[in-house]
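Quick notes on the structure that follows.
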Amino acid sequence: MKKFLTSALVRGLLWQAIGWLLGALFVTGIRFLMGMNPFDQFFFTEPAWVFGALVGAISFVAGTGAMSDWFKWAKGEETPEHREDPPGWEKYLNVSLDHKVIGIQYTVTALILMCIGGVFAMIFRTELAHSGLQILTLQEYNTFMSLHGIVMIVGILVGVAGVMNYLVPMMIGADDMSFPRLNAFSFWVVPPAAILLLSTLALGGFDTGWTGYPPLSARAPVGMQMFFMGVAVAGWSSILGGLNLIATVLRMRTKGMTAFRMPIFIWAAIATSIITLTATQLIGLAFQMVMFQRLLGMGFFDPAKGGNPILFQHLFWFYSHPAVYVFVLPGLGLISELMPVFVRKPLFGYRFVAMSSLGIALVGFLVWAHHMFTSGMNEYLRVPFMYSTLLVAVPTGVKFFSWVATLWKGKVETPTPMLFVVGGIVVFLLGGLSGPPNATVATDLHLHDTYWIVGHFHDTMFGGYVFPFFAAIYYWFPKATGKRMNETLGKIHFWLMTPAFLTLTLLMMRVGLLGMRRRVADYDPALGFDNYHLIMTIAGYLIAISIAIFLYNLYMSLKHGETATGNVWNSRSPEWQVPSPMPVHNYDIPFEVVGEPYDYGLPGSVYVRFADGGQSTKH
Amino acid sequence: MEHSNKTEVFRQGMIIFIFLAVLTALEFFVAVAVGAVVLLAIIAVVKVALVMYYYMHIYKLNTKDEQLDRHSYEYKLNTRRLGLWLFLLSDTFVFGGLFVSRFNLLGLTRPDLNQLLGLTVTSVLLLSSFFMNRAEASMEHGDRKGFIIGIVATLILGVGFLAGVLGVEWPNAIRAGVTPSASAAGAIFFMMTGMHAFHVLTGVIFLSIVLRNGSRGIYSPEKHWGVEAAAIYWHFVDVVWIFFYPALYLIGKLI
């Protein structure tokens with residue numbers, strides 16, 4: 001308990017609370033001196049809350065000590081390159097520079113955030129089970145719906161960072177990331193961001209959905225500002241994480257690991273990082289502009305002052321469309337990474353799969369306005385954006401072709417990770433096939449803002465990241481802990497979640513086609529959606545139960561799991577050639593890449609050779 | 001470039017500065033006499049290319065170092081350079097977003113601003129880049145006194161730029177009716193200059209730290225990444241202004 005109370009996390013939370021209070025008091029004091037109204041509906045005024053939130057977020061990171069080495073450098077002091085972590089669980093609550101610890105910190109944070117987001121979904125899903133308002137007010141419904149969106153998005157972003165942080169240095173044979181302190185910093189800005197997002201609940205909520213479009217967002221309660229601030233802070237995690245990852249892959253690869261001999265997941269991680277590094281700035285900018293519009297009356301998006309609300313949508317979607325590729329690319333990379341292991345065959349068309357990740361990322365920069373076909377933007381923009389969007393199907397199709405060809409005539413084994421891989425492909429296929437109707441202007445005018453879009457989006461997110469994320473956790477759990485997760489519980493998790501999820505999203509598409517609007521708290525019973533919604537709510541609860549089983553499995557396997565220190569899955573990847581759990585600085589004996597990564601089943605082929613003669617010849 | 005002697009490097013910095021100054025004057029003349037946006041864009045791109053190559057030394061990213069030991073200072077130095085440039089690339093998207101927003105909101109019109117003041121602060125920032133380059137070159141050749149003089153000159157000019165924008169230009173604009181809340185034109189003017197000034201301010205803080213550490217003798221001709229990073233960052237802030245200056249002051253008809 002004492003170790004918990006003295007941990008960096010608790011210290012940071014304390015500092016954040018103090019910083020927040022002092023910042024708010026500072027502005028309140030100034031307002032008082034200037035004769036302005038010092039207090040408001042939520043005790044402090046909006047500028048006080050905002051300034052306090054900013055000071056609080058910075059205080060959190062300073063309080064954890066994630067920046068102390070930089071302060072020392074600024075003072076001209078040298079610091080040791082590495083810092084030893086204490087053994088045991090408390091290193092996960094303190095600032096560590098080890099990419100594996102940070103990766104696990106990210107992953108656990110992601111699971112927590114996704115559970116919170118899931119609880120929000122269950123709350124408003126319960127409300128929707130029957131027409132009429134039963135348990136929530138309209139404002140509460142909107143807040144839960146909006147928070148579900150943004151908490152899940154941040155959760156998945158953090159999950160992506162977790163998997164990339166844990167795997168990338170290990171897969172390329174590096175002892176850590178290029179900039180370990182920056183890596184720690186990138187993680188430690190996430191908790192204050194999460195707190196900012198959740199604080200919206202106490203400050204009147206916000207009712208815009210996660211998109212935060214003005215003019216509504218320019219008028220919503222103070223909670224809106226906390227949402228903007230939370231996203232901006234979380235954005236820094238994403239930007240700096242992407243920077244670190246690109247530098248790591250470019251500079252830290254082991255000998256012989258040329259571009260086309262990297263594990264395929266690395267290509268996906270690079271493609272993702274290019275997006276997070278650059279595009280994320282635009283959502284931060286767009287949100288800042290609304291914040292200033294609210295605080296100082298700057299009329300960027302206010303037509304009465306010559307502003308343009310459509311501009312916000314352009315800036316917002318310039319990030320937020322590529323953002324879905326940030327989620328999906330690592331997921332699809334994981335699928336391509338794991339599939340050859342379980343079908344014991346080479347990955348079909350490695351180079352094309354690698355290039356398709358980059359292709360999706362780059363085309364992804366040119367498609368943003370397909371979210372705006374009904375927004376009133378210039379009509380001549382619609383057709384080019386329609387075609388550029390349909391173009392995304394080409395590199396995505398390359399990936400599907402590769403998976404099918406890899407499966408073809410393979411010796412398929414189906415332990416839990418492989419189940420999630422195949423499930424992910426099926427669900428993502430549904431999400432992919434329901435995409436082009438939204439990309440096509442003529443049909444989108446009907447489908448825009450209906451439950452069809454909600455169904456499409458959840459299919460792409462689950463297939464594109466959530467299923468592969470579970471696959472990755474089941475697959476690399478032995479690497480991280482030296483224990484194996486329970487197969488039976490894993491299979492129950494899969495076979496409960498998948499049918500329930502498919503029912504949910506297919507019904508979403510069904511009611512969407514029939515005219516059910518998204519983001520509404522209620523619907524007319526005369527439309528006849530009541531039964532559909534009841535089934536969807538039941539399916540939602542089944543998913544929640546399956547997640548509970550997963551969490552139970554995680555806990556029990558950690559405590560009493562079957563010991564597994566060897567090459568559990570018979571993989572060729574370098575990290576499985578050394579005993580689990582991984583040593584602190586990864587490889588005690590360096591290795592060299594001497595062959596192709598995915599030549600499963602080819603007799604005599606070698607991928608990596610260790611300096612002491614050990615090699616990966618598993619096939 | 002590393003092997004050339006100090007006078008040569010100084011002379012090169014001077015020549016580039018003269019080029020930049022002439023181009024700035026030309027830019028102003030073009031705006032007043034012709035008003036051709038394409039010409040202004042070309043001049044800005046040429047200026048940025050000169051700064052990026054000769055002051056920011058972007059070619060150093062291409063250093064071949066596969067043979068070096070991964071834990072050597074040299075290898076890590078190149079990794080740090082890459083990291084800084086990636087950060088600048090990311091930051092470019094903030095300024096790019098503002099730049100695009102300006103054209104979305106204002107099209108080919110511009111707010112009525114004090115032209116003389118605009119040209120003055122632009123020249124001050126340009127001159128600071130010249131001294132920054134000189135300070136870095138001095139450090140590279142072990143001339144600590146030259147380094148300190150260069151940094152101090154850069155700092156004074158940087159603070160002068162901030163004073164010019166925040167202390168003179170902003171009150172002037174507000175008096176002339178260009179306020180943050182009056183119109184979208186005022187809003188975007190304050191947002192662009194404000195975001196840029198914020199970066200200048202961080203640059204000033206960064207330079208002060210480098211000045212303090214440098215005067216205590218922490219840097220050497222071989223190891224002075226802090227100085228190099230501060231210089232690259234400072235020139236980047238200049239690069240941003242090279243685009244912002246014509247976008248705010250020169251392009252388009254008066255509103």
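Residue numbers (the working numbering), protein chains in the order written: chain A, 1 to 619; chain B, 1 to 255. Think of the CB as a built atom: it goes at the ideal place given N, C-alpha and C, for glycine as much as any other residue.
Check your understanding: What is the residue span of the beta strand (DSSP E) that residue 32 of chain A lies within?
Key -> Here residue 32 of chain A corresponds to residue number 32 of the first sequence, with the count starting at 1. For residue 32 of chain A, there is no enclosing beta strand (DSSP E); the enclosing alpha helix (DSSP H) has its first and last residue at 8–33.
Exercise for review: Compare the Cα-Cα distances from residue 454 of chain A to each of A/531, A/504 and A/235 and report the closest residue.
Suggested key: Within the first sequence, the letter at position 454 stands for residue 454 of chain A. Nearest of A/531, A/504 and A/235 to residue 454 of chain A, Cα basis: A/504.
Practice item. Go through its chain and collect everything with a Cβ distance to residue 32 of chain A's Cβ below 8 Å, but skip five positions before and after it. Key: Here the question's residue 32 of chain A lines up with position 32 in the first sequence. Within the same chain, residue 32 of chain A has close Cβ partners 38.
Review point. Is the CB of residue 608 of chain A under 7 Å away from at least one CB in chain B?
Key: The count along the first sequence starts at 1 and reaches residue 608 of chain A at position 608. Among the residues facing chain B, residue 608 of chain A is not included, as its CB has no counterpart in that chain under 7 Å away.
Review point. Which value, in whole angstroms, describes the spacing of the CA atoms of residue 31 of chain B and residue 40 of chain B?
Key: By one-based count along the second sequence, residue 31 of chain B stands at place 31. By one-based count along the second sequence, residue 40 of chain B stands at place 40. Cα to Cα, the separation comes out at about 7 Å.
Check your understanding: So, do the region 221–234 of chain A and the region 312–330 of chain A have three or more beta carbon pairs nearer to each other than 8 Å?
Key -> Segments in contact, no.
Exercise for review: Determine, using beta carbons only, whether residue 611 of chain A comes closer than 7 Å to chain B.
Suggested key: As a working note, residue 611 of chain A is residue 611 in the first sequence. Taking CB atoms only, residue 611 of chain A has no neighbour in chain B less than 7 Å away.
Check your understanding: Taking just the CA atoms, how far does residue 295 of chain A sit from residue 151 of chain B?
Key -> Position 151 of the second sequence, counted from the first residue, corresponds to residue 151 of chain B. Position 295 of the first sequence, counted from the first residue, corresponds to residue 295 of chain A. Their Cα atoms are separated by approximately 37 Å.
Exercise for review: Measure the C-alpha to C-alpha separation of residue 361 of chain A and residue 212 of chain A and round it to an integer number of angstroms.
Suggested key: In the first sequence, counting from the first residue as 1, residue 361 of chain A sits at position 361. In the first sequence, counting from the first residue as 1, residue 212 of chain A sits at position 212. The alpha-carbon atoms of residue 361 of chain A and residue 212 of chain A are separated by roughly 24 Å.
Review point. Do the CB positions of residue 63 of chain A and residue 20 of chain A come within less than 7 Å of each other?
Key: Residue mapping note: residue 63 of chain A aligns to position 63 of the first sequence, counting from 1. Residue mapping note: residue 20 of chain A aligns to position 20 of the first sequence, counting from 1. Taking 7 Å as the Cβ cut-off, residue 63 of chain A and residue 20 of chain A do not qualify as a contacting pair.
Practice item. Inspect the CB distances between the region 109–117 of chain A and the region 91–101 of chain A and report whether three or more fall short of 8 Å. Key: Counting Cβ pairs under 8 Å, fewer than three are found: no touch.
Exercise for review: Could you pull out every residue in the same chain whose Cβ sits closer than 7 Å to the Cβ of residue 221 of chain A, ignoring the five residues on either side in sequence?
Suggested key: Stepping through the first sequence from its first residue, residue 221 of chain A is reached at position 221. Cβ within range, chain order: 203, 204, 205 and 206.
**Study point:** Short Cβ contact (7 Å threshold) for residue 424 of chain A with residue 467 of chain A
**Key:** Taking the first residue of the first sequence as position 1, residue 424 of chain A is located at position 424. Taking the first residue of the first sequence as position 1, residue 467 of chain A is located at position 467. The criterion of a C-beta distance shorter than 7 Å is satisfied by residue 424 of chain A and residue 467 of chain A.
Exercise for review: List the residues that DSSP assigns as beta-bridge partners of residue 484 of chain A.
Suggested key: Start at 1 with the first residue of the first sequence, and residue 484 of chain A comes out as number 484. In DSSP, residue 484 of chain A forms a bridge with A/562.
Check your understanding: Are residue 444 of chain A and residue 373 of chain A closer than 7 Å when you measure CB to CB?
Key -> As a working note, residue 444 of chain A is residue 444 in the first sequence. As a working note, residue 373 of chain A is residue 373 in the first sequence. Against a cut-off of 7 Å, the Cβ pair of residue 373 of chain A and residue 444 of chain A comes out as a contact.
Review point. Closer than 9 Å, Cβ to any Cβ of chain A: which residues of the region 75–93 of chain B, in chain order?
Key: Result list: 75, 76, 78, 79, 80, 82, 83, 86, 87, 89, 90, 91, 92 and 93.
Practice item. Would you mind stating whether residue 105 of chain B and residue 184 of chain B have Cβ atoms separated by less than 7 Å? Key: Within the second sequence, numbered from 1, the residue matching residue 105 of chain B stands at position 105. Within the second sequence, numbered from 1, the residue matching residue 184 of chain B stands at position 184. A contact, by the Cβ cut-off of 7 Å.
Check your understanding: Would a check of beta-carbon distances place residue 308 of chain A closer than 7 Å to chain B?
Key -> Counting from one through the first sequence, the residue named residue 308 of chain A turns up at place 308. True, the Cβ-Cβ gap to chain B drops below 7 Å.
Check your understanding: For residue 619 of chain A, does the three-state DSSP call read helix, strand or coil?
Key -> Along the first sequence, read from residue 1 onward, the residue named residue 619 of chain A stands at position 619. Because the pLDDT at residue 619 of chain A is just 47, under 50, the model does not fix this residue reliably, and the point stays unresolved.
Check your understanding: Which residues, in chain order, does the region 8–23 of chain A contribute to contact with chain B at a C-beta distance below 9 Å?
Key -> Of all residues in the region 8–23 of chain A, none has a Cβ within less than 9 Å of some Cβ in chain B.
Check your understanding: Using DSSP with H/G/I as helix, E/B as strand and the rest coil, what is residue 39 of chain A?
Key -> What you label residue 39 of chain A is simply residue 39 of the first sequence in a count that begins at 1. Secondary structure of residue 39 of chain A (DSSP, three-state): strand.
**Study point:** Spatially closest choice to residue 363 of chain A from A/451, A/327 and A/271, by CA coordinates
**Key:** As a working note, residue 363 of chain A is residue 363 in the first sequence. Nearest neighbour of residue 363 of chain A by Cα position, chosen from A/451, A/327 and A/271, turns out to be A/271.
Practice item. With a threshold of 16 other CB atoms inside 10 Å of the CB of residue 1 of chain B, please say whether the residue is buried or exposed. Key: Translated into the one-based positions of the second sequence, residue 1 of chain B becomes position 1. Any answer about residue 1 of chain B is weak, because its pLDDT of 46 lies below 50 and its placement is not dependable; what the coordinates show is given next. Sixteen is the threshold: since fewer than 16 other Cβ atoms of the shown chains lie within 10 Å of the Cβ of residue 1 of chain B, the residue is exposed.
Review point. Is it buried or exposed for residue 69 of chain A, if we count other Cβ within 10 angstroms and need 16 for buried?
Key: Residue mapping note: residue 69 of chain A aligns to position 69 of the first sequence, counting from 1. Buried.
Practice item. Could you pull the start and end residues of the alpha helix (DSSP H) that residue 179 of chain A belongs to? Key: For the purposes of this step, residue 179 of chain A is taken as the residue at position 179 of the first sequence. It is not in any alpha helix (DSSP H) - residue 179 of chain A carries neither H nor E in the DSSP assignment.
Check your understanding: Going along chain A, which residues have a C-beta under 8 Å from residue 209 of chain B?
Key -> To locate residue 209 of chain B, count along the second sequence from 1; it is residue 209. Result: 74.
Review point. If you run the structure through DSSP and keep just helix, strand and coil, what is residue 373 of chain A?
Key: For the purposes of this step, residue 373 of chain A is taken as residue 373 along the first sequence, with counting starting at 1. The answer is coil: DSSP assigns residue 373 of chain A none of H, G, I, E or B.
Point to revise | Cα-Cα separation, residue 475 of chain A to residue 278 of chain A | key: The residue labelled residue 475 of chain A in the question sits at position 475 within the first sequence. The residue labelled residue 278 of chain A in the question sits at position 278 within the first sequence. Distance between the alpha carbons of residue 475 of chain A and residue 278 of chain A: 31 Å.
Point to revise | Candidates A/523, A/548 and A/481, of which the one nearest residue 568 of chain A by Cα | key: Numbered from its first residue, the first sequence carries residue 568 of chain A at position 568. Checking every option, the nearest Cα to that of residue 568 of chain A belongs to A/481.
Practice item. Going by DSSP, name the residue or residues bridged to residue 592 of chain A. Key: Position 592 of the first sequence, counted from the first residue, corresponds to residue 592 of chain A. Beta-bridge pairing links residue 592 of chain A to A/609.
Review point. At a CB-CB cut-off below 9 Å, which residues of chain B make contact with residue 258 of chain A?
Key: By one-based count along the first sequence, residue 258 of chain A stands at place 258. At a C-beta separation below 9 Å, residue 258 of chain A has no neighbours in chain B, since its nearest C-beta there lies roughly 11 Å away.
**Study point:** Candidates B/9, B/249, B/232 and B/194, of which the one nearest residue 52 of chain B by Cα
**Key:** As a first step, residue 52 of chain B is located in the second sequence; it is residue number 52 there, counting from the start. The candidate whose alpha carbon is nearest that of residue 52 of chain B is B/232.
Check your understanding: What are the start and end residues of the alpha helix (DSSP H) that includes residue 177 of chain B?
Key -> The residue labelled residue 177 of chain B in the question sits at position 177 within the second sequence. Note, residue 177 of chain B: premise wrong, no alpha helix (DSSP H); not H, not E.
Check your understanding: In whole angstroms, what separates the C-alpha of residue 71 of chain A from that of residue 230 of chain B?
Key -> Here residue 71 of chain A refers to the residue found at position 71 when the first sequence is read from its first residue. Here residue 230 of chain B refers to the residue found at position 230 when the second sequence is read from its first residue. Going by the C-alpha atoms only, they are around 16 Å apart.
Point to revise | Contacts that residue 191 of chain B makes with chain A (C-beta to C-beta distance below 8 Å) | key: Stepping through the second sequence from its first residue, residue 191 of chain B is reached at position 191. Ordered by position in chain A, the residues that pass the 8 Å Cβ test against residue 191 of chain B are 289, 292, 298 and 300.
**Study point:** Buried versus exposed call for residue 258 of chain A [16 or more other C-beta atoms within 10 Å across all chains shown]
**Key:** Numbered from its first residue, the first sequence carries residue 258 of chain A at position 258. Under this definition residue 258 of chain A is an exposed residue.
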